[in-house]
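Protein chains in written order, with the working numbering: chain A, 1 to 327; chain B, 1 to 402.
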């Protein structure tokens, strides 16, 4: 009896796993919608921890990063919150205007540059849409019985998302809409420096700069912040085929949109050992000799991505029409 | 073993997977459990067994419904006291699992190991030269498989030279302790306090060199990524899980190669297959045979509902030879792509040291294939029984130098 080791349709699923479908789109504040996303194949989504973000590759070719703000115990959906940026170069405008339940978007990550470190107490500071990465952190801190407080600033109450989800926490949460309470007094909220109390903040640059000033007197690495900058490589992620040259083998294969680089390379007779096939375990790490990978893994940090010298072909693809790999 | 079926359609078996008969040759039991159904009740221990690839893979990935914090052995930490403070990695769930895992994944990640590659290759070449200088016949287990990991890994962690002979018995007991309180556990108990004490000593910052994995873990504690209380237990995880497993993994791949001349020939032609060979051996022999989980809710598996709070025994070994997933699963075959085996687990508890294990095996295999034309068994192998590990005590071979 012959049994195929790759169940039929595996190629399809490998790529499907990197596609998510919008299953719900909900306005949650002025200019803010949440998207609930599910794997296109209905399976589990990759695991994540508070502070993680995903890269969403939109139909217009733009890739944007959004913090996950759902429930990690729900293995089948992600939730992100998206603010319509007035100066949007097409990312948030596309999300707000074009995406509807049923729309498909490309998925990269999740990655976590903003992990919650273990502590007995935390201070959280959110500015506007910066609340999104902090929501799951707060849920986790609360679950673990940590002592925590949140300062949530915004322009006005109606522009501040998730107030309903924060209200059960009572006076641990200070909601400070500027039109009601005026400019916020950060030093007053933070209080005296306390070793062992990390300060997690996400929000506009001015808020983070203000916090950095106040925290300068605190122990090193107390303040942990995240600020997204739109990745603008000048090259949208390819939704089309590209070529991969296997330098050592001396062959070139075409990677069509429906297969992973790993699978395309295997058809050329080059087996790259892999394991998780979702960009988390690192087994299939492959040296990149030329070309620019479109990184979709959960492993490389920004500096490692910028180095451009390796990729995980189980999920990552190409930004240009040619990659040269040391295979 | 006898197989019965309840009226609810749940197969029941009275087999003892931890008996010496089964540990000597578990393959017939694996097949029986696999063919009995997607889930089988093991009446002797009142646990639910999974032996098929799909179910084992799904349970490994599903940390939400199959928790580890109640212990990954037979003992249920909800009601029984663990024999040692639980592991922050293996015996923990999110969110407590997050920070220790994230830090160790970085410390043991492929990029962090690059600087070890050349040194370990040189160490392996030196060891293989020493072994071959003593003659063409030797026992792989004591001469190579036990020596190489013990030569390079404790140095990489950064522990001192003295007492390293404690590592194998400590690991052996830790892996026995995932099973029932049988004679294998009793055998280790007299030395538990002594060995645990020694291991605990090695995990202190002061006991570690300043450039190893141990120091890297402590540096992360200094940066607040983990707490100073977590750091020594994370070092302990390396010392518990990083030695016996690689010893048995290296034995397994050499067992496969010594009994499959075509595989050895292929590896000689293409030494870059060393990692594939190692992973194929991890699939084929599954040095870590089993782990338990505990259900956090009523879980439906293949038409049966496993109630909340019950122990589920996952046979990684049986999954790795499930004909539903693998063609000719009993064959050690270097033309196969072993990717996706569950010998290292899967999901967020997947072996965090797998890249270390692959690098060790690659170093040994690369050194051997350059120096040895062929390798064959000269006598029967002798099994080492452990409640969790599939291991060899003796693998006598003869080699023809290249």
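Glycine included, C-beta positions come from ideal geometry on N, C-alpha and C.
In whole angstroms, what is the alpha-carbon distance linking residue i and residue j?
| i | j | result |
| --- | --- | --- |
| residue 8 of chain A | residue 262 of chain A | Only weak support exists for where residue 8 of chain A lies, its pLDDT of 37 falling under 50; the coordinates are left without a value. |
| residue 231 of chain A | residue 242 of chain A | The pLDDT assigned to residue 231 of chain A is 48, lower than 50, so where the model puts this residue is not dependable, and the model offers no usable value. |
| residue 405 of chain A | residue 84 of chain A | This structure leaves residue 405 of chain A out entirely; chain A is present only between 1 and 327. |
| residue 312 of chain A | residue 279 of chain A | 6 Å |
| residue 255 of chain B | residue 221 of chain A | 50 Å |
| residue 141 of chain A | residue 82 of chain A | 24 Å |
| residue 145 of chain A | residue 95 of chain B | 12 Å |
| residue 187 of chain A | residue 97 of chain B | 33 Å |
| residue 183 of chain A | residue 211 of chain A | 14 Å |
| residue 170 of chain A | residue 181 of chain A | 18 Å |
| residue 121 of chain B | residue 363 of chain B | 5 Å |
| residue 400 of chain B | residue 125 of chain B | 17 Å |
| residue 19 of chain A | residue 50 of chain A | 21 Å |
| residue 353 of chain B | residue 217 of chain B | 14 Å |
| residue 139 of chain B | residue 370 of chain B | 19 Å |
| residue 173 of chain B | residue 292 of chain B | 17 Å |
| residue 28 of chain B | residue 37 of chain A | 44 Å |
| residue 172 of chain A | residue 164 of chain A | 14 Å |
| residue 261 of chain B | residue 36 of chain B | 34 Å |
| residue 75 of chain A | residue 45 of chain A | 6 Å |
| residue 169 of chain B | residue 188 of chain B | 8 Å |
| residue 147 of chain A | residue 121 of chain A | 4 Å |
| residue 152 of chain A | residue 168 of chain A | 15 Å |
| residue 9 of chain B | residue 41 of chain B | 11 Å |
| residue 233 of chain A | residue 305 of chain A | Interpretation of residue 233 of chain A is limited by its pLDDT of 46, a score under 50 that renders its predicted location unreliable; no figure is taken from the coordinates. |
Pull up the DSSP beta-bridge partners for residue i, would you.
| i | result |
| --- | --- |
| residue 200 of chain A | A/124, A/224 |
| residue 385 of chain B | B/390 |
| residue 148 of chain A | A/122 |
| residue 243 of chain A | A/254, A/322 |
| residue 294 of chain A | A/317 |
| residue 375 of chain B | B/399 |
| residue 25 of chain A | A/35 |
| residue 311 of chain A | A/286 |
| residue 13 of chain B | B/3, B/42 |
| residue 311 of chain B | B/294 |
| residue 111 of chain A | A/53 |
| residue 341 of chain A | Because chain A is modelled from 1 through 327, residue 341 of chain A falls outside the range shown and cannot be assessed. |
| residue 345 of chain B | B/343 |
Would residue i and residue j qualify as a contact pair, given that the criterion is a beta-carbon distance under 8 Å?
| i | j | result |
| --- | --- | --- |
| residue 175 of chain B | residue 74 of chain B | no |
| residue 131 of chain A | residue 176 of chain A | no |
| residue 309 of chain B | residue 290 of chain B | no |
| residue 55 of chain A | residue 108 of chain A | yes |
| residue 365 of chain B | residue 263 of chain B | no |
| residue 251 of chain B | residue 30 of chain B | no |
| residue 79 of chain A | residue 62 of chain A | no |
| residue 397 of chain B | residue 274 of chain B | no |
| residue 282 of chain B | residue 340 of chain B | no |
| residue 248 of chain B | residue 287 of chain B | yes |
| residue 456 of chain B | residue 130 of chain B | The question about residue 456 of chain B has no answer here: the residues shown for chain B are numbered 1 through 402. |
| residue 100 of chain B | residue 89 of chain B | yes |
| residue 199 of chain A | residue 125 of chain A | yes |
| residue 357 of chain B | residue 246 of chain B | yes |
| residue 47 of chain B | residue 302 of chain B | no |
Going along chain C, which residues have a C-beta under 8 Å from residue i?
| i | result |
| --- | --- |
| residue 161 of chain B | The chain labelled as chain C is not found among the protein chains of the depicted structure, namely A and B. |
Residue i: which of the options sits nearest, CA to CA?
| i | options | result |
| --- | --- | --- |
| residue 287 of chain A | B/321, B/110, B/319 | B/110 |
| residue 182 of chain B | B/387, B/293, B/331 | B/387 |
| residue 24 of chain A | A/308, A/100, A/194, A/46 | A/100 |
| residue 260 of chain A | A/96, A/95, A/314, A/210 | A/314 |
| residue 107 of chain B | B/296, B/273, B/213 | B/213 |
| residue 58 of chain B | B/196, B/315, B/281 | B/315 |
| residue 92 of chain B | B/67, B/239, B/218, B/140 | B/67 |
| residue 190 of chain A | A/164, A/202, A/321, A/218 | A/218 |
| residue 279 of chain B | B/60, B/299, B/345, B/4 | B/345 |
| residue 381 of chain B | B/395, B/373, B/389 | B/395 |
| residue 285 of chain B | B/266, B/305, B/307, B/320 | B/320 |
| residue 136 of chain A | A/53, A/204, A/268, A/269 | A/53 |
Unbroken stretches of the alpha helix (DSSP H), 4 residues or longer, contained in the region 122-160 of chain B: Segments of the alpha helix (DSSP H) lying fully in the region 122-160 of chain B: 147-157.
4-residue-minimum alpha helix (DSSP H) runs that sit fully inside the region 31-109 of chain A, ordered along the chain: Listed in chain order, the complete alpha helix (DSSP H) runs (minimum 4 residues) inside the region 31-109 of chain A are 91-97.
Completely contained alpha helix (DSSP H) runs for the region 225-309 of chain B, where each covers 4 or more residues: Entirely contained in the region 225-309 of chain B, the alpha helix (DSSP H) runs reaching 4 residues are, in chain order, 230-241, 244-259, 261-269, 274-285.
Minimum length 4: unbroken alpha helix (DSSP H) runs contained in the region 30-109 of chain B: Qualifying alpha helix (DSSP H) stretches, in chain order: 53-61, 98-107.
Whole runs of the alpha helix (DSSP H) within the region 151-179 of chain A, excluding any shorter than 4 residues: You should have 163-166.
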